[in-house]
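Peer 1: Residue numbers (our numbering): 2 to 637.
Virtual Cβ for every residue (Gly too), placed ideally from N, Cα, C.
Computed from a predicted model, the values in this text were never measured in an experiment.
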Ligand code: C2E
Ligand code: CA
Ligand code: CA
């Protein structure tokens, strides 16, 4: 028979082209990818052997009888294995949603096992083919079984893709349908024209279709940096999660890159990113390096014993050396964290959120520690987002309220002022402390709106309830650091007071040392403008933090509020007692007034009075209470 081998040659070339493209490209090691590469190898071998056997069958004398058996046998086995792997591949796509069942393993194994047994025994039985004494190739009586089995795999794949169509993408379904139809046409043609060798061609077309759709040639490479990209990262994680396979993510962020790209330009920043990527690729050895986004990288390990110590060491050593841009050499800090599956989180989104949280945490610290994620971090994050939502709603629906804590004047022996303290009550979370929500509001800017709300509420309260005539001379209002940074702070506050026709001295603004550090000049300007108009200032929480005397010296405070911790520790400890005593003496000598916070018992009152304290604020007198109760407390 004169075979027409052009299609075979084409089949081999097509497969070779796909193989080169597939293996050269950055690929990630998912089970599906591995199956696909097996498919490519098999198809390469089988289309090559097809050509070889056509030649050897046409020229029986070029090889021995044994070689004839070997070449034809291996050819048939590789051809059949291709269909078996194709089916396994399809089942594996379906498996995304569930595990492979035992009967499915049977479906995969049985036809191929039959093929193998028949082919291996054919030198003895002659059932598949025989090589005659004259080295001639003759089909055996059961040769057709091989074709039937191949078609069986195609048919089963088709059934699966129909039954589980929901799991398949459009492209994947089209690929399966096309292959099924082509295969049946090929079989018919092959039976009618046995000399026309188009079977291989059909298979190679299938491989190509899969490559284009099933194996969707998504680019997993971050070309600029020579690493894998975020898509690859997510794909690997998803695959591992689907298979419930343990893994550990080591993520890192280059600190200060934002600043660097602003000062030196993005090009320089990219250069450094690239140097780091190159270093990481070398340092990670066999493990893949992923570029996530921004200035983040990750390395994933599936080893249960992974401690990341070695890699951490290498990174720390590298970061001691400078990185180079065209003009400068600079050192960079890498923030590091580890997130383990399934210990820390079980969903991709949560793992990614944890990476962000850990790196943010690492940024806050100065100790270069590797941050190990844990579930509490995620819970904390969830609660924080929830509280932010609650605050936004509370602002719209007017659910914040302002409580007042009376302040007792020693000289006048009655309440002469109060501190306004914000309160937030939520149906789900109950009472939320300002200690918890104020820092969150500061982080995302909500504090400006909240601050305005409190300030308006206080102005309204003083005017409507005529506090002045009830012996309350001023109300102390807390200002956040963020408010103090606003250039327009003084105008904003004055205009609200004007709106309510409130005399300016009715307001005393409490600010902390932090505010002074963060916005020195702006704050100074705001303070002097407001003081010009008669507004007064208190330095809040004195005795915590640094309690730098510069602030009491430099800033025009009228009152210093001694923090409750300082008051409390003076009662327990002699040294703390001296600290309190001389701090108070110093403040008094500088001509400022003193408020002691957290006054809870008579012993404290006795001591503080002795030390010359002007005002008391604390539970001994009253907890912060709502406006109505406050009016009752001040007895008017
Ligand atoms: P702060 O300015 O130091 O306010 C005093 C805090 O001490 C209040 O806590 C008050 O309830 C509490 N306190 C007063 N006397 C005693 C006492 O005798 N014993 C004890 N254990 N505690 C006492 P609160 O209301 O939870 O406020 C916490 C912090 O939240 C405030 O600390 C302040 O920094 C911030 N905050 C509250 N309201 C506002 C506001 O309207 N604006 C801004 N920016 N911050 C606010
Ligand atoms: Ca305060
Ligand atoms: Ca305070």
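1) Could you name the residues of the same chain whose beta carbon sits closer than 7 angstroms to that of residue 96, not counting the 5 residues immediately before and after it, in chain order?
2) Are residue 120 and residue 77 close, meaning C-beta to C-beta below 8 angstroms?
3) Which partner residues does residue 249 have in the DSSP bridge list?
4) Suppose you measure from the CA of residue 495 to the CA of residue 308; what does that come to, to the nearest Å?
5) Would the beta-carbon of residue 175 fall within 8 angstroms of that of residue 214?
6) Mind checking whether residue 116 and residue 52 have CB atoms under 8 angstroms apart?
7) I'd like the list of long-range same chain contacts for residue 218, defined as Cβ closer than 6 angstroms, with 5 residues on each side in sequence excluded.
8) Looking at C-alpha atoms only, which residue of 521, 456 and 506 is the closest neighbour of residue 486?
9) Looking at residue 123: is its Cβ nearer than 8 angstroms to the Cβ of residue 36?
10) Classify residue 276 as helix, strand or coil using the three-state DSSP reduction.
11) Using a threshold of 7 angstroms, is the CB atom of residue 436 nearer than that to any non-hydrogen atom of ligand 3?
12) The beta strand (DSSP E) with residue 194 in it runs from where to where?
13) With contact counted as at least three CB pairs below 8 angstroms, one residue from each stretch, are the region 526–536 and the region 566–575 in contact?
14) Return the chain-ordered ranges of every alpha helix (DSSP H) run that is complete within the region 448–502 and spans a minimum of 4 residues.
15) Should residue 556 be listed as close to ligand 1, given that the test is whether its C-beta is under 7 angstroms from any heavy atom?
16) Are there any heavy atoms of ligand 2 lying less than 7 angstroms away from the beta-carbon of residue 594, as far as the coordinates show?
17) Let me confirm a value: residue 331 is counted as buried when at least 16 other C-beta atoms fall within 10 Å, else exposed. Which label applies?
18) Using a beta-carbon distance below 8 angstroms, is residue 423 in contact with chain C?
19) So is the beta-carbon of residue 575 under 7 angstroms away from any non-hydrogen atom of ligand 3?
20) Checking 8 angstroms against the spacing of the C-beta atoms, do residue 472 and residue 606 come in under that value?
21) I believe residue 419 touches residue 512 by the beta-carbon criterion, under 8 angstroms. Please report the beta-carbon distance rounded to the nearest angstrom.
22) Can you determine whether any heavy atom of ligand 1 sits closer than 7 angstroms to the C-beta of residue 531, and answer yes or no?
23) Work out the CA separation of residue 38 and residue 1 for me, nearest whole Å.
24) Could you name each continuous beta strand (DSSP E) segment of 3 residues or more that falls completely within the region 494–569, going from the start of the chain to the end?
25) Looking only at its own chain, which residues have a Cβ that is under 7 angstroms from the Cβ of residue 62, when we skip the five neighbours before and after it?
26) Go through its chain and collect everything with a Cβ distance to residue 530's Cβ below 6 angstroms, but skip five positions before and after it.
27) Going along the chain, which residues put their C-beta within less than 6 angstroms of some heavy atom in ligand 2?
28) First and last residue of the beta strand (DSSP E) that includes residue 44?
29) Look up residue 65 in the DSSP assignment and say whether it is helix, strand or coil.
30) Can you name the residues that DSSP bridges to residue 415?
31) If we ignore side chains and look at the alpha-carbon of each, how far apart do residue 14 and residue 152 end up?
32) For residue 550 and residue 435, I'd like the C-alpha separation in whole angstroms.
33) Please classify residue 592 as buried or exposed, where buried requires at least 16 neighbouring CB atoms within 10 angstroms.
34) Closer than 8 angstroms is the cut-off here; do at least three beta carbon pairs connect the region 225–241 with the region 54–70?
35) Please report the distance separating the alpha-carbon of residue 336 from that of residue 360.
36) Can you list, in chain order, the residues of its chain whose CB lies under 6 angstroms from that of residue 409, leaving out five sequence neighbours each side?
Peer 2: Looking at the atomic coordinates:
1) As a working note, residue 96 is residue 95 in the chain shown. Same-chain partners within the cutoff: there are none.
2) Taking the chain shown and counting its residues from 1, the one referred to as residue 120 is at position 119. Taking the chain shown and counting its residues from 1, the one referred to as residue 77 is at position 76. Yes.
3) Walking along the chain shown from the start, residue 249 turns up at place 248. 302 and 341, per the DSSP bridge assignment.
4) Taking the first residue of the chain shown as position 1, residue 495 is located at position 494. Taking the first residue of the chain shown as position 1, residue 308 is located at position 307. In a straight line, the C-alpha of residue 495 is about 58 angstroms away from that of residue 308.
5) If you number the chain shown from 1, residue 175 lands on position 174. If you number the chain shown from 1, residue 214 lands on position 213. Yes.
6) On the chain shown, position 115 is the one that residue 116 refers to. On the chain shown, position 51 is the one that residue 52 refers to. Their beta carbons are not under 8 angstroms apart, which means residue 116 does not touch residue 52 by this criterion.
7) Counting from one through the chain shown, the residue named residue 218 turns up at place 217. Unreliable positioning characterises residue 218 in this predicted model, as indicated by a pLDDT of 49, which lies under 50. A coordinate reading is not provided.
8) Within the chain shown, the letter at position 485 stands for residue 486. Nearest C-alpha to residue 486: 521.
9) To locate residue 123, count along the chain shown from 1; it is residue 122. To locate residue 36, count along the chain shown from 1; it is residue 35. Not a contact, by the Cβ cut-off of 8 angstroms.
10) Position 275 of the chain shown, counted from the start, is the residue given in the question as residue 276. Here residue 276 sits in helix by DSSP.
11) As a position in the chain shown, residue 436 is number 435, starting the count at 1. Answer for residue 436: no, Cβ out of range of ligand 3.
12) As a working mapping, residue 194 is identified with position 193 in the chain shown. Where residue 194 is concerned, there is no enclosing beta strand (DSSP E), given that its DSSP letter is neither H nor E.
13) no
14) 482–485 and 490–500
15) Here residue 556 is taken as the residue at index 555 of the chain shown, counted from 1. False, no ligand heavy atom lies under 7 angstroms from that Cβ.
16) Position 593 of the chain shown, counted from the first residue, corresponds to residue 594. Outside the cutoff, so no.
17) Sequence index remark: in the chain shown, residue 331 carries index 330 (1-based). That one is exposed.
18) In summary, chain C is missing from the structure at hand, where a single protein chain is found.
19) Translated into positions along the chain shown, residue 575 becomes position 574. No, Cβ of residue 575 sits at least 7 angstroms from all heavy atoms of ligand 3.
20) The residue you call residue 472 lines up with position 471 of the chain shown. The residue you call residue 606 lines up with position 605 of the chain shown. It is not a contact, given that the beta carbons lie outside the stated cut-off.
21) Sequence index remark: in the chain shown, residue 419 carries index 418 (1-based). Sequence index remark: in the chain shown, residue 512 carries index 511 (1-based). Wrong, their Cβ atoms sit about 17 angstroms apart, outside the cutoff.
22) Locating residue 531 in the chain shown gives position 530, counting from the first residue. Checking every heavy atom of ligand 1 against the Cβ of residue 531, none is found closer than 7 angstroms.
23) Because the chain in this structure spans residues 2 to 637, residue 1 falls outside the shown range and cannot be described.
24) 508–512, 537–543 and 560–563
25) Within the chain shown, residue 62 is the residue found at index 61, counting from 1. If we look at residue 62 and ignore the five residues flanking it on each side, its Cβ neighbours are 136.
26) The residue given as residue 530 occupies position 529 in the chain shown. Hits under 6 angstroms: 491.
27) 420, 479, 511 and 541
28) As a position in the chain shown, residue 44 is number 43, starting the count at 1. Counting along the chain, residue 44 falls outside any beta strand (DSSP E), though it belongs to the alpha helix (DSSP H) covering 32–59.
29) Sequence index remark: in the chain shown, residue 65 carries index 64 (1-based). The answer is coil: DSSP assigns residue 65 none of H, G, I, E or B.
30) Translated into the one-based positions of the chain shown, residue 415 becomes position 414. Per DSSP, 410.
31) Numbered from 1 along the chain shown, position 13 holds the residue referred to as residue 14. Numbered from 1 along the chain shown, position 151 holds the residue referred to as residue 152. Each residue's alpha carbon lies about 24 angstroms from the other.
32) What you label residue 550 is simply residue 549 of the chain shown in a count that begins at 1. What you label residue 435 is simply residue 434 of the chain shown in a count that begins at 1. Taking the straight line from one Cα to the other gives about 28 angstroms.
33) Position 591 of the chain shown, counted from the first residue, corresponds to residue 592. Classification of residue 592: exposed, given that the 10 Å Cβ count is below 16.
34) no
35) In the chain shown, the residue the question calls residue 336 occupies position 335. In the chain shown, the residue the question calls residue 360 occupies position 359. Cα to Cα, residue 336 sits roughly 6 angstroms from residue 360.
36) Within the chain shown, numbered from 1, the residue matching residue 409 stands at position 408. The residues are 416, 617 and 622.
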